[in-house]
Structure formats: structure tokens, C-alpha cells
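What follows is a set of notes on a single structure, which appears directly below.
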Amino acid sequence: MSLYYVQKLLYHLNRDPVQQQHFFEDRDTVFGHYTLTEEEVDALRKPDIGLLYVMGVNAQLLMHYATMSGYDWPQYIQAMRDGIDQYGPVREGLYAMQDGKGAI
Amino acid sequence: MSLYYVQKLLYHLNRDPVQQQHFFEDRDTVFGHYTLTEEEVDALRKPDIGLLYVMGVNAQLLMHYATMSGYDWPQYIQAMRDGIDQYGPVREGLYAMQDGKGAI
Amino acid sequence: MSLVYAGTCCHSPAITSRGEMADPQLRRQLLEAFDRQRRTIEGAGAEAIVMVSSEHFANFFMDNMPTFSIGIADEYYGPIEDPNWLKIPRTTIPANPDLSLRLINQVMQSVDVCFAQEWKFDHGMSVPLHFLTPQYKIPIIPVNINCQSKPMSPLHRSWALGLALREAINSAPEKIALIGTGGTSHWPCTPDSGKINEAWDRTLIDHLINKRKDALLAYTDEDTYREGGGGAFEIRTSVCIAAATEEQTGEVWFCEPIPIYATTCSILSLYQQPLDLLT
Amino acid sequence: MSLVYAGTCCHSPAITSRGEMADPQLRRQLLEAFDRQRRTIEGAGAEAIVMVSSEHFANFFMDNMPTFSIGIADEYYGPIEDPNWLKIPRTTIPANPDLSLRLINQVMQSVDVCFAQEWKFDHGMSVPLHFLTPQYKIPIIPVNINCQSKPMSPLHRSWALGLALREAINSAPEKIALIGTGGTSHWPCTPDSGKINEAWDRTLIDHLINKRKDALLAYTDEDTYREGGGGAFEIRTSVCIAAATEEQTGEVWFCEPIPIYATTCSILSLYQQPLDLLT
Ligand SMILES: [Fe+3]
Ligand SMILES: [Fe+3]
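Chains as they are written, first to last, in my numbering: chain S, 569 to 672; chain L, 569 to 672; chain P, 1250 to 1528; chain U, 1250 to 1528.
Spelled out as C-alpha cells, the structure:
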């Protein structure tokens, strides 16, 4: 259920500009408030949007994290496609069934 | 709906020891995060447990705030009774119908 | 008898954020249909809009995920998204907590709705409101159906919610409009974003305007996901409005795929107050 | 057929926090009844306990108040109260998210439960668990009914929840015990705390063990509040278990007012697996 806490962190950042500011000032402290694996902390820190997608993060949450990390829309879409190339198909969650080859 | 935010603040304090600590170190900052009237801030700051009860705060929330403010059980019960004597019957919420005269 | 109008509309954030990038003629037709819906709601004298949407983790998370929820706040707030991106200014939105309470108590007789005394609207509410009540003059009663995170409730319960909402609305003295807003086929924010299954969308919409209960309740989440993507779980919102308006055949006011908006955009009119009931 | 035992019990925090202040003989009898329920659950080979309680603002607030909720976490945690006051040490409590998912999907066919992937138990769960599974060896599936904050759902929906839980439990291969825990008359944390309406409590309990559906569903919140106080809204939890076990007459294992515990304490046995179904 560690994926749950990755998503919870993103949910909190999306909802609350103050937490967002705290996060970008001192990410390690914020990571400490959530039960996360090392792989998850690394993927969030980089950020490795493609890996987060492959881990199963819901894209309605992930999109906003990409935006606040400076990705524009084409970069965000490309990062997910690169993630699938590099790490394989989505591991769990809604998109485990999707081919991820893209439409446009 | 300001009573709602009084109760929300108490809910947060009850759930989270860290927020509780922040609150007792710097109450005014925490008050600023909630939409509260002056009467509510005053009642919380004193604290005036009797007035909070008369305002309609749910006792399942109020009890914990009394405890963390140093009230023992008999003091807590007495504070609510004094509140009714001083401010009149409970204004809204569940207890607006209760006589509050006490049983034991 | 206080339901004065019911319909559905799309809520893709691209309609405002990437508005001008669409085919100009399609955009004009879409906005005309939105405006027709706005004028119909206003013309019917609606004193409140019950808006059934599916939010996208703006208020609700898996720590406490409501299947169905109805707002009971003094006012709402939105959009939660960056207003410069969504191109809708942030504002407070008028509420009617007394009407909310009456509707919730009535709906609770048959459907187990949750209630929420705070609510930050995301594009799922804010995009439709921007077109349907641009001055925010009509109080909103927000209703949410979980269409984001499994386990999700079966479609026949969204049907039951529609029936319960209709009964509750009819027992209120206020004139009320009922709007559903949710996706047809779309794969939001994923590498498949932009894919549209037009045939699937048109079949669904035909079932909706003809209130084909059996056909609508036969959709399974597995089929829906395969044919319509994760965004299509939001058909729950339209199914709810179809249930609430079962006695009338609806009309398609707009229905066209708009690739840059990443979905088939549609405006359906599903109930108009019969002439003999107009006051 | 996988329901192996069902019953109800009280959850007053004073049973542990002010334990020794009660009449020693009444306390001994109460603890013996708790222990009989523990041994019955263990003897029936229960692999999980579905516990229907009413929490007291530990997890859920009016910003998103679930009418009915079922836990689906990997593990739970409790008690949330000061363990020195409640005299129950804090611990993690085992879960079974796979069983949770199956139960939720089944219950959702008729009752609109929410789900929660985190849950901090308060005394409403922790006091019963302390007596019924003191080593925390049996996975718990927590179920909550909103009994704290209006609008609350009508009693017939708690009845519907009981029926849905029974059907879901019966479709699972695991051996499952079902426990309801909630108040009879009490006025918790208010100036009226300690008041007990014994006659009202005994009538209620008689209806519960005899599964008198009509009598149970005839309670109105107005009457309940007047006769039983705010704490008595928790009769929803017992009504739920009565519905789930309608086919059997139950037994009163303990029922006595204990003033220092501020309520009539009761342990009811509402379902035992028939001998011919024992495996
Ligand atoms: Fe959507
Ligand atoms: Fe309780």
C-alpha cells in the first residue's frame, strides 16, 4: 500500500499551495511524513514521472506533479511513454490494462 | 457555518499530536487557518469550555479539548453547567434540545 | 413538481484552457449549445442547479472515498486548478445549505449519500458553471459520484441515485435544474490522452436520450475501460440524469469529437418541463 | 455459508479507563460475558471479524462524512485516544484488504458504502477488540455508521446494510464473525453524562434479540434522542446486526446499567452457526 502514500502526498500538494511551498523548500522533511519506499522517494525527488506512472500513480494526480515540477504537456506525455519503454508496463492500478502506446 | 470551523480545528488537534503542539506554542497562527468569529477565538483561547458547549460544539470533540487544556472530568462537566447558567441554553447542534441539568 | 430542466454537458478542462486551438466552427457550435442550455435553465426560472459531477481528487481521496456525496456548505470555491491555466477566475460560488439538507434527507431514504460541508470545485464543476451560470447567480448543490478510484459502485446504483434525486427535487418547492457532467470516451492525462472512440460515444448518447435503462445498465466497467478509457467511468453521471428523467425522450444539442479537447463533446437536453406544468 | 457467529457488545471507554470503579460483581459478570463472546468467536474458527461501530470524529468529519464506510487498509492502528487514559496500549491491528475488497464490491450492489484505506480506531473499536481479541490475532474489517452528525441516514438503511453484509459474508469462503458495537441510552461527554434510561434500553434489547424488524425500524431519531440521548443514535449498529441475523432468536449474555460506565452495558449473542452447518 506504499503506492497509496505516494498518491496521498501528491493529493496534498495539489490541494494546498502552502504544503506545496514547504515541499519544494524541504522535500526530505515532507517525505518523512509518508510511508514510502526508497524507489518511491527517488522517483519523487528526481522526479521520474515515467517511473511514477509505471508504479501506478493515478494520472489525475501525476499530471499536476509534473506541472509543478516544470513539465509542459508534451514533456509530460513523453515522460510517461519513456517510462514504459524503460521500466515496462504499468505495474498496478487503473492503467495496468492500458497499452500506453498513445493516440496523438 | 463558523461553528463548523471551531469543530474542525478541534478535530485536527485531536487527531494529530504535532498540530496539537503547534497550537499550544502559537495559537494565533493556527486560528488564522480557520474562519472564526472573534467570540469563537476568545472562547477557544481562554478556553471558555462552557461557552463552546453553548455555541453547539459536539461534546465528543469538546471533551478532548478540555482534557488537553488541563481540565479533569468533574471540572469539564462543571464548566458546561456553568456555561448554561451564564450564557443560556445551547444555541445550535445536537444539544439544543437537551436540558443540561445533569444526571449525576 | 419542481424539476424545471435537466441535461448533461461535457467538462473537459481543455474547453477553456486550450479553447482557441479547436476547429473554430466546432467550437462555435459547442459554445452555442452551452449557451442554449444556459438560456433554458434561466428561462425555466431555476432557483438552484443540482450538478452531478465526478471530481478528480480535489476533495476526496482513498482515505475516505465517498461513493455518492452531496454538498451542504454555506458557499463553495473554485476552480482549484491554476486559474491562469484553466482560464477561469477563482471565485466563491453560491450555495443553498437549507435546500441541500432537505435533498440529502430525502435521498437518504433509498441511497446512502455522504455529505460534505466544504467543497473546492475542480474543472468537473467549474467548466460547466463557467458556461451555464457565468455570473454565478444561481446557487449550486454539488453532487459527486466516485468515478476515479476502485472499488466503484455499480451503474444501477447511479440509476437509483437519479431516481432518488428526482423524487427529492420534486418534493422541494424551489424550481430546480439538474445537470450531469462527465466524460464519454477519454484517457485523461495518460499517454493515450486524445484517443476518442466516436462510435462508442454515439451509441452511449443514443441510449441516454432514449432512456434505455437495460442498455445503459448493461455496461460493465471492464468493457467501459477497454472501449472508453478511464475517463469513461464518468458515464455514471449521465446514467444518473437519464434515470431522473426516464419519462421523456431527450435531444442531442451538440455531439462531436473535438480532438484537442481530448473527448467527444456533447450537450444533451434530457428533460424540459411540460407546457401544462409551467407556472 | 461463512458467517460463524454474530453478536453485539458495548464500547464505553469507561469500561477500561474507569474499570475498577464499578461494582465488582457487575464488572466480573460483564467481563465474563465479553470472554464468553471471545471464546465463541475463537471456537467458531473465525478468520476475520467484521466489526460495525460508530466512531467519534477520529477519522471522519463533516467535510466528508460517510454514511457507511468499510476499511480496506493493509493494517489499522489504535487506540487514537491517550493510551494511559484508555488503558489500552497502542498497536497495529491486522487487516485483510483482499477480503475487504470482496465484501465492499458485494455490499455495493445494494448499499452505497464508502471505503477507507486508512483508519485509526478509537474506543468504539478498541474497547471491544481489547476484550474480544486481546492478542489482536484475528484480522478486522472495520465498518462505520455515521451516528454522530446530522444528517444521519434512516434506520431502515442500517437494516439494508445488515442484509448486504450478511450476503457478502456468506459469499466469502472465509469463516467470519460479525460484531456490532454501539450505545444504548447515554449522553456522552455532556452535562447529562451518566444518565441511563434502563427501561428504554431493556425494551430495545428485547426487540433486538427477537429481531422485531417493525419495532426496531419504528424508532425515530427524535424519540431516540429524547429517551436515549445523543449516544443512542448508535442503535444503528445493533439494528444492522439484527438484520444480518434475522432468522435466529438471540440471547442476552449480559445486560445491566453500570452508572460509572455511563450506560447500560450489554453483550448480546445474535447468531450462532447451526450444528448441521459446522464444518
Ligand atoms: Fe472528468
Ligand atoms: Fe460510542
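Backbone N, C-alpha and C define an ideal beta-carbon position, used for all residues, glycine too.
Computed from a predicted structure; not experimentally measured.
query: What does Ser1615(U) reach in chain P if we use C-beta pairs closer than 8 Å?
result: The shown model of chain U, from 1250 to 1528, leaves out residue 1615(U), and the question about it has no answer.
Check your understanding: Which of the three DSSP states, helix, strand or coil, is assigned to Pro1388(U)?
Key -> If DSSP states are grouped into helix, strand and coil, Pro1388(U) belongs with coil.
Discussion item. Quick check: is any heavy atom of ligand 1 less than 8 Å from the C-beta of Ser1318(P)?
Written reply: No; taking the cut-off as 8 Å, the Cβ of Ser1318(P) has no heavy atom of ligand 1 nearer than that.
Applying a beta-carbon distance threshold of less than 9 Å, which residues of chain P neighbour Arg649(S)? Chain order gives the chain P residues near Arg649(S) as Pro1440, where near means a beta carbon separation below 9 Å.
| field | Own chain partners of Ser1251(P) with C-beta closer than 7 Å, once the 5 adjacent residues on each side are dropped | value | Cβ neighbours of Ser1251(P) beyond the five flanking positions: Ile1418, Asn1419, Ala1421, Pro1422, Glu1423, Lys1424 and Ile1425.
Inter-residue spacing [alpha-carbon to alpha-carbon] between Asp1361(P) and His1405(P): 14 Å
Inset, instruction - Compute the distance between the beta-carbons of Ala1344(U) and Ala1322(U), then report whether it is under 9 Å. - result: In this structure, Ala1344(U) places its C-beta atom within 9 Å of the C-beta atom of Ala1322(U).
- Task: Report the residues of the region 1275-1307 of chain U with a CB closer than 8 Å to any CB of chain L, ordered along the chain.
- Result: His1305, Phe1306 and Ala1307
| request: Entirely within the region 1292-1319 of chain P and at least 3 residues each: give me those beta strand (DSSP E) ranges in chain order. | output: Runs of the beta strand (DSSP E) inside the region 1292-1319 of chain P: 1297-1302.
Quick one: is Ala1448(P) buried, meaning 16 or more other Cβ sit within 10 Å of its Cβ, or exposed? exposed
Is the Cβ-Cβ distance between Ala1492(U) and Lys1462(U) less than 9 Å?
yes
Next on the checklist: Which residues in chain P have a C-beta closer than 9 Å to the C-beta of Leu1350(U)? List them in chain order.
Outcome noted: Lys1399 and Pro1400
Quiz item: What is the DSSP secondary structure of Ile672(L), reduced to helix, strand or coil?
Solution: Confidence in Ile672(L) is poor, its pLDDT being 35 and thus under 50, which makes the residue's placement unreliable; the coordinate value appears in the next sentence. Ile672(L) falls in the coil class under three-state DSSP.
Exercise. With 9 Å as the threshold, decide whether the Cβ of Gln589(L) is near any Cβ in chain U.
Key: no
| request: Classify Cys1259(U) as helix, strand or coil using the three-state DSSP reduction. | output: coil
| task | Indicate whether at least one CB of chain P lies closer than 9 Å to the CB of Asn1313(U). | result | yes
- So is Phe592(S) buried or exposed if we call it buried at 16+ other beta carbons inside 10 Å? Of the other Cβ atoms in all chains shown, fewer than 16 fall within 10 Å of the Cβ of Phe592(S); this residue is therefore exposed.
Checklist entry - Is it a yes or a no for the region 570-577 of chain S touching the region 602-612 of chain S, going by three-plus beta-carbon pairs under 8 Å? => result yes
6 Å CB neighbourhood of Lys1460(U) in its chain, flanking five on each side removed
Ala1491 and Glu1495
Applying the 10 Å Cβ sphere with the 16-neighbour rule, what's the burial state of Glu1269(U)? exposed
Residues from the region 1369-1385 of chain P in contact with chain S, defined by Cβ distance under 8 Å | Lys1369
What does Gln628(L) reach in chain U if we use C-beta pairs closer than 7 Å?
His1305, Phe1306, Gln1397, Pro1437 and Cys1438
- Query: Which residues count as close to ligand 2 when the rule is a CB under 7 Å from any of its heavy atoms, in chain order?
  - Reply: Taken from the N-terminal end onward, the list reads His1260(U), Ser1303(U), His1305(U), Gly1373(U), Gly1431(U), Gly1432(U), Pro1437(U), Gly1480(U) and Glu1483(U).
*asked:* Can you check which of these residues, His1379(P), Tyr1474(P) and Leu1427(P), is closest to Val1253(P) by C-alpha distance?
replied: Leu1427(P)
Let's see if you can read the secondary structure: which residues bound the alpha helix (DSSP H) around Ala1409(P)?
Leu1404 to Asn1419
Along chain U, which residues have their Cβ under 7 Å away from the Cβ of Asn1345(P)? Against Asn1345(P), chain U offers no close residue; the least beta-carbon distance is about 15 Å (beta-carbon pairs closer than 7 Å).
Close-in-space but distant-in-sequence residues of the same chain around Thr1341(P) (CB under 6 Å, 5 per side omitted): Glu1324 and Tyr1326
> Who are the near neighbours of Ser1266(U) in its chain, counting only those whose CB is closer than 7 Å to its CB and skipping five residues on each side?
Replying inline: Trp1334, Leu1335 and Lys1336, listed in sequence order.
Review point. Residues in its own chain within less than 7 Å of Leu619(S) by CB, not counting five upstream and five downstream?
Key: Ala611, Gly651 and Tyr655
Excluding the 5 residues flanking Cys1258(P) on each side, which residues of the same chain have their C-beta closer than 6 Å to its C-beta?
Pro1377, Thr1430 and Ile1516
Is any heavy atom of ligand 1 found at a distance shorter than 8 Å from the C-beta of Cys1396(P)?
-> yes
Check: Nearest CA to the CA of Ala1263(U): which residue from Pro1315(U), Trp1502(U) and Leu1279(U)?
Finding: Residue nearest to Ala1263(U) within the set Pro1315(U), Trp1502(U) and Leu1279(U) is Leu1279(U) (criterion: CA-CA distance).
Next item on the list: Kindly indicate the opening and closing residues of the alpha helix (DSSP H) around Tyr655(S).
Entry: Trp641 to Tyr655
Worksheet item: Where do the N-terminal and C-terminal ends of the beta strand (DSSP E) with Phe1503(U) fall, by residue?
Response: Segment Glu1500 to Ile1507, the beta strand (DSSP E) holding Phe1503(U).
Beta-carbon separation of Val1392(U) and Val1488(U) under 9 Å? no
* To do: Would you please verify whether the beta carbon of Glu1367(P) is less than 9 Å from any beta carbon of chain U?
  => yes
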